[in-house]
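A.B. asks: Numbering (full-length UniProt numbering), first residue to last: 1 to 95.
Here a beta-carbon is modelled for each residue, glycine too, at the ideal position from N, C-alpha and C.
Since we're looking at a predicted model, the values are computed, not measured.
1) May I ask you to report which of helix, strand or coil DSSP gives residue 23?
2) Kindly indicate which three-state DSSP category residue 50 falls into: helix, strand or coil?
3) Tell me the DSSP secondary structure of residue 30 in three-state form.
4) How many angstroms separate the CA atom of residue 9 from the CA atom of residue 38?
5) Roughly how far, in whole angstroms, is the beta-carbon of residue 35 from the beta-carbon of residue 60, given that I think they are within contact range, below 8 Å?
6) Give me the Cα-Cα distance between residue 48 and residue 24, rounded to the nearest whole angstrom.
7) Which class does residue 7 belong to by DSSP, given the choice of helix, strand or coil?
8) Starting from residue 57 and walking both ways along the alpha helix (DSSP H), at which residues does that stretch end?
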């Protein structure tokens with residue numbers, strides 16, 4: 001797969017990058033080299049290779065999913081300007 005000058009200009013426009021006429025051939029070569037490398041990656045045999053999210057094995061730290069605090073809503077809303085039944089009252093913003 002290769003890109004032409006029109007495609008390079010389109011990519012630059014979408015990326016909001018100002019590209020001069022002198023820069024287009026250089027960028028065209030750069031983009032074509034990147035696409036060539038990606039095509040080479042497509043030729044690699046990955047059968048039997050497990051997908052991974054990191055190059056080193058990692059285990060997520062997990063914790064018990066339980067309530068560790070709470071049970072005193074009056075203390076939580078005591079400094080609020082307006083409350084009702086232990087809930088914060090806020091001004092209406094959408095009509």
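C.D. replies: The relevant details are as follows:
1) Looking at residue 23 - three-state DSSP - the assignment turns out to be helix.
2) Three-state result, residue 50: coil.
3) Looking at residue 30 - three-state DSSP - the assignment turns out to be helix.
4) The straight-line gap from Cα to Cα measures roughly 21 Å.
5) Contact flag wrong, Cβ pair sits at about 36 Å.
6) The straight-line gap separating the alpha-carbon atoms of residue 48 and residue 24 is approximately 41 Å.
7) Looking at residue 7 - three-state DSSP - the assignment turns out to be helix.
8) In this chain, residue 57 is not harboured by any alpha helix (DSSP H), its DSSP state being neither H nor E.
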